[in-house]
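Trainee: Residue numbers (full-length UniProt numbering): 1 to 286.
Every residue gets a Cβ at the ideal spot worked out from N, C-alpha and C, and that includes glycine.
(1) What residue range does the beta strand (DSSP E) around residue 63 cover?
(2) Would you say residue 61 and residue 214 are within 8 Å of each other, going by their C-beta atoms?
(3) Would you mind sorting residue 202 into buried or exposed? The rule is 16 or more other CB atoms within 10 Å of its CB.
(4) Between the Cα of residue 181 and the Cα atoms of 273, 193, 151, which residue gives the shortest distance?
(5) Excluding the 5 residues flanking residue 185 on each side, which residues of the same chain have their C-beta closer than 7 Å to its C-beta?
(6) Residue 268 and residue 194 look like a contact to me (Cβ under 8 Å); what is the Cβ gap, rounded to whole Å?
(7) Taking 7 Å as the limit between beta carbons, can you name the residues of its chain near residue 192, skipping five residues before and five after?
(8) Mapping the DSSP letters down to three states, classify residue 131 as helix, strand or coil.
(9) Using DSSP bridges, identify the partner residues of residue 81.
(10) With DSSP as the reference, please indicate the residues paired to residue 33 in a beta bridge.
(11) Quick check on residue 167: does DSSP put it in helix, strand or coil?
(12) Measuring CB to CB, does residue 85 end up less than 8 Å from residue 18?
(13) In this structure, does DSSP put residue 227 in helix, strand or coil?
(14) Please classify residue 68 as buried or exposed, where buried requires at least 16 neighbouring CB atoms within 10 angstroms.
(15) Taking the continuous beta strand (DSSP E) assigned at residue 97, which residues delimit it?
(16) Mind checking who residue 22 pairs with in its DSSP beta bridge?
(17) If we ignore side chains and look at the alpha-carbon of each, how far apart do residue 282 and residue 189 end up?
(18) For residue 72, which beta-bridge partners are listed by DSSP?
(19) According to DSSP, residue 86 sits in a beta bridge with which residue or residues?
(20) Suppose the cutoff is 6 Å on Cβ atoms and the five residues either side in sequence are ignored; what does the same chain contact list for residue 197 look like?
(21) For the UniProt domain "FPG-type" (247–281), list the alpha helix (DSSP H) runs that are entirely contained and at least 4 residues long, ordered along the chain.
(22) Expressed to the nearest angstrom, what Euclidean distance is found between the alpha-carbon atoms of residue 47 and residue 223?
(23) Are there 16 or more other CB atoms within 10 angstroms of the CB of residue 251, so buried, or fewer, so exposed?
(24) Closer than 6 Å by C-beta to residue 77: which residues in its own chain qualify, once you throw out the five before and the five after it? Chain order, please.
(25) In this structure, does DSSP put residue 59 in helix, strand or coil?
(26) Helix, strand or coil: which one does DSSP assign to residue 27?
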């Protein structure tokens with residue numbers, strides 16, 4: 001699933017190419033793509049027709065288009081969702097699910113999703129801590145790249161849980177935007193093992209790992225995000241390149257960039273965790 005840098009790349013592209021444009025027609029080609037919009041395709045299309053996209057917004061890994069009527073169109077990219085801006089005469093993509101046409105007769109916005117795990121839905125905007133958010137994600141915390149992110153508050157939230165540090169980093173209600181890839185990278189930079197108990201974590205360690213998460217995601221953003229296959233792309237269909245700079249994630253058996261020890265892979269929540277056995281020693285059993 002795309003993490004903060006990948007979603008931010010898409011958000012910035014949408015802001016540049018669809019903000020300020022008025023939707024005239026929405027064609028839903030696969031009902032599953034709007035399954036989260038409970039009133040169905042006709043209502044989805046009807047409510048969007050004639051509305052202007054005023055901005056493209058993001059919180060953590062969540063992306064939405066702000067609309068002129070006070071609504072938001074929330075986009076769940078899932079494993080393979082893509083928001084593409086294409087000329088109206090461009091051939092349809094094989095997995096095109098929803099098409100948006102605009103009053104200026106300019107390029108279309110297309111939602112493409114091979115695996116159909118993602119989807120689009122309309123939501124009302126609600127005020128949360130001075131920020132307008134779709135009501136369905138009002139519980140999502142700020143992310144380390146948010147200008148109003150409170151580092152000390154996030155550290156306190158992490159340390160208040162009785163769990164492993166990586167599980168806490170993935171909890172979007174504590175701090176948002178961090179997924180499996182950037183959690184492993186932040187923990188490697190911080191020399192912390194993924195199983196370190198959060199209630200034993202010092203405030204200094206908490207600040208270090210969250211600062212590292214912000215730094216690694218900022219570096220990934222410059223590289224256009226991380227792509228391991230053709231499924232993650234920006235609005236022009238281009239892949240990111242940060243996977244070439246990863247220090248831990250996906251590096252099993254390769255030498256650690258600090259000490260040369262082979263990176264280890266451990267099972268973690270039906271996924272994997274990658275760490276250096278020497279730089280990131282496993283904590284002792286409680």
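Mentor: The relevant details are as follows:
(1) Taking the first residue of the chain shown as position 1, residue 63 is located at position 63. Unbroken beta strand (DSSP E) run through residue 63: 62–67.
(2) In the chain shown, residue 61 corresponds to position 61, counting from 1. In the chain shown, residue 214 corresponds to position 214, counting from 1. No; because the gap between Cβ atoms is not below 8 Å, this pair is not in contact.
(3) Working through the chain shown from its first residue, we reach residue 202 at position 202. The residue in question, residue 202, is exposed, as its Cβ has fewer than 16 Cβ neighbours within 10 Å.
(4) For the purposes of this step, residue 181 is taken as residue 181 along the chain shown, with counting starting at 1. Measuring from the Cα of residue 181, the nearest candidate turns out to be 273.
(5) In the chain shown, counting from the first residue as 1, residue 185 sits at position 185. Here the set comprises 216, 246, 247, 248, 249.
(6) Against the chain shown, residue 268 aligns to sequence position 268. Against the chain shown, residue 194 aligns to sequence position 194. The pair is a contact, with the Cβ atoms about 7 Å apart (cut-off 8 Å).
(7) For this step, residue 192 is matched to residue 192 along the chain shown. Answer for residue 192: 165, 205, 209, 280, listed in chain order.
(8) For the purposes of this step, residue 131 is identified with residue 131 of the chain shown, where counting begins at 1. Of the three classes helix, strand and coil, the one that applies to residue 131 here is strand, per DSSP.
(9) On the chain shown, residue 81 is found 81 positions in, with the first residue counted as 1. DSSP lists 113 as partners of residue 81.
(10) As a position in the chain shown, residue 33 is number 33, starting the count at 1. None; residue 33 has no bridge partner.
(11) Indexing the chain shown from 1 puts residue 167 at position 167. Helix.
(12) As a first step, residue 85 must be located in the chain shown, where it is residue number 85. As a first step, residue 18 must be located in the chain shown, where it is residue number 18. Result yes, Cβ atoms of residue 85 and residue 18 sit closer than 8 Å.
(13) Numbered from its first residue, the chain shown carries residue 227 at position 227. Here residue 227 scores only 49 on pLDDT, less than 50, and its place in the model is too uncertain to base an answer on.
(14) As a working mapping, residue 68 is identified with position 68 in the chain shown. Looking at its Cβ environment, which holds fewer than 16 other Cβ atoms inside 10 Å, residue 68 is exposed.
(15) Your numbering for residue 97 matches position 97 in the chain shown. Start and end: 96–102.
(16) As a first step, residue 22 is located in the chain shown; it is residue number 22 there, counting from the start. For residue 22, which the question treats as bridged, DSSP gives the partners 52.
(17) Taking the chain shown and counting its residues from 1, the one referred to as residue 282 is at position 282. Taking the chain shown and counting its residues from 1, the one referred to as residue 189 is at position 189. Their Cα atoms are separated by approximately 15 Å.
(18) Indexing the chain shown from 1 puts residue 72 at position 72. Note: residue 72 sits in a beta bridge opposite 66, 123.
(19) For the purposes of this step, residue 86 is identified with residue 86 of the chain shown, where counting begins at 1. Answer by DSSP bridge pairing, in chain order: 108.
(20) Residue 197 sits at position 197 when you count from the first residue of the chain shown. So no residue of the chain qualifies.
(21) none
(22) Here residue 47 is taken as the residue at index 47 of the chain shown, counted from 1. Here residue 223 is taken as the residue at index 223 of the chain shown, counted from 1. Residue 47 and residue 223: Cα-Cα distance of roughly 37 Å.
(23) Indexing the chain shown from 1 puts residue 251 at position 251. Label assigned to residue 251: buried.
(24) Residue numbering aside, residue 77 sits at position 77 when the chain shown is read from its first letter. Result list for residue 77: 2, 118, in chain order.
(25) Stepping through the chain shown from its first residue, residue 59 is reached at position 59. If DSSP states are grouped into helix, strand and coil, residue 59 belongs with the strands.
(26) Here the question's residue 27 lines up with position 27 in the chain shown. It is a strand residue.
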